[in-house]
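Enquirer: Shown below is the structure under consideration.
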Amino acid sequence: MKVLEERIRQDGRILSNTVLKVDSFLNHQVDTTLVLEIGREFARIFGGRPITKVLTIEASGIQFAMAASIALGVPFVYAKKKKAVTQEGEVYSAPVHSFTRGESYLVSISRQYLGPDDKVLIVDDFLATGAALVCLADIVQESGAELLGVGCVIEKSFQEGRGLLEERGIEVHALARIASMAPGEIVFIGNEAV
Ligand code: 5GP
33 MKVLEERIRQ DGRILSNTVL KVDSFLNHQV DTTLVLEIGR EFARIFGGRP ITKVLTIEAS
93 GIQFAMAASI ALGVPFVYAK KKKAVTQEGE VYSAPVHSFT RGESYLVSIS RQYLGPDDKV
153 LIVDDFLATG AALVCLADIV QESGAELLGV GCVIEKSFQE GRGLLEERGI EVHALARIAS
213 MAPGEIVFIG NEAV
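Taking our numbering, I'd label the letters of the sequence shown as residues 33 to 226.
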């Protein structure tokens with residue numbers, strides 16, 4: 033997605049060879065015009081499929097899942113990072129190791145909101161090690177729902193996430209795919225370095 037790549041070049045901050053900061057427009061302060069456009073792009077890519085629900089993980093996946101679900105006309109569900117006292121009944125849960133925080137946490141989704149009748153599109157902000165999305169894919173499988181695809185806003189293609197998902201037969205689409213990066217330089221797949 034050209035407009036997204038340009039914005040990453042302009043406003044993204046490359047903290048190291050592995051960490052990109054996009055918190056001025058995507059995941060802290062949020063450019064809602066861009067996020068709604070991202071949602072429409074996911075709907076364009078996956079809209080031919082009979083999706084009943086968009087699934088993501090709190091917190092930074094929520095705005096993209098919401099934008100995709102508005103464009104697709106279906107609800108979205110976000111997995112919680114710990115079981116809230118208000119989460120009634122049984123939950124699906126699985127552990128995730130966070131790449132950015134260097135710690136593990138438990139992810140949970142109420143069984144009420146995901147089940148065998150659902151056809152799911154998973155959406156998230158970043159695909160890095162794939163830990164978060166593999167965990168969500170495992171929960172979808174456990175629920176008996178069908179996973180129709182994974183859409184992520186930014187893929188760091190030099191990390192192993194895409195491979196782990198594809199090994200499981202999951203179709204992955206990323207709107208910006210970073211082949212490599214270093215402070216002052218970012219290379220998108222299919223683009224020249226600047
Ligand atoms: P995973 O390693 O499980 O694929 O990534 C999990 C989460 O870590 C992503 O959803 C995202 O929130 C965060 N993350 C991973 N890499 C980066 C990065 O380079 N920059 C930022 N801002 N977040 C990241």
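From the three backbone atoms N, C-alpha and C, an ideal C-beta is built for every residue, glycine too.
Between GLU198 and the rest of its own chain, which residues show a CB-CB distance below 8 Å, the 5 nearest in sequence each way excluded?
Expert: Only VAL204 meet the Cβ criterion.
Enquirer: Using DSSP with H/G/I as helix, E/B as strand and the rest coil, what is MET33?
Expert: In this structure, MET33 counts as coil in the three-state DSSP scheme.
Enquirer: Look at PRO95 and VAL54 and say whether their C-beta atoms are less than 9 Å apart.
Expert: Pro is not the amino acid found at residue 95; the sequence shown has Gln there. Against a cut-off of 9 Å, the Cβ pair of VAL54 and GLN95 comes out as no contact.
Enquirer: So for ARG133, helix, strand or coil by DSSP?
Expert: In this structure, ARG133 counts as coil in the three-state DSSP scheme.
Enquirer: Check each candidate in GLU187, ARG200 and ALA126 and name the one with the smallest Cα separation from MET33.
Expert: For the residues GLU187, ARG200 and ALA126, the minimum Cα distance to MET33 belongs to GLU187.
Enquirer: Return the CA-CA distance between ASN59 and ASP156, expressed in angstroms with no decimal places.
Expert: Near 11 Å, if we compare the C-alpha coordinates of ASP156 and ASN59.
Enquirer: Check whether the Cβ atoms of ALA177 and ASP150 sit closer than 9 Å, and answer yes or no.
Expert: Their beta carbons are under 9 Å apart, which means ALA177 touches ASP150 by this criterion.
Enquirer: Once DSSP output is grouped into helix, strand and coil, what is the label at THR64?
Expert: Correct three-state label for THR64: helix.
Enquirer: Contact check, TYR137 vs ILE171 under 8 Å by CB: the rounded distance?
Expert: Contact doesn't hold; Cβ gap of about 14 Å is too wide.
Enquirer: Nearer than 8 Å: is that true of the beta carbon of ILE89 relative to any heavy atom of ligand 1?
Expert: Yes, since a heavy atom of ligand 1 falls inside the 8 Å radius drawn around the Cβ of ILE89.
Enquirer: Does the Cβ of LEU66 lie closer than 8 Å to at least one heavy atom of ligand 1?
Expert: No; taking the cut-off as 8 Å, the Cβ of LEU66 has no heavy atom of ligand 1 nearer than that.
Enquirer: If we count the other Cβ atoms within 10 Å of its Cβ and call it buried at 16 or more, is SER175 buried or exposed?
Expert: Looking at its Cβ environment, which holds 16 or more other Cβ atoms inside 10 Å, SER175 is buried.
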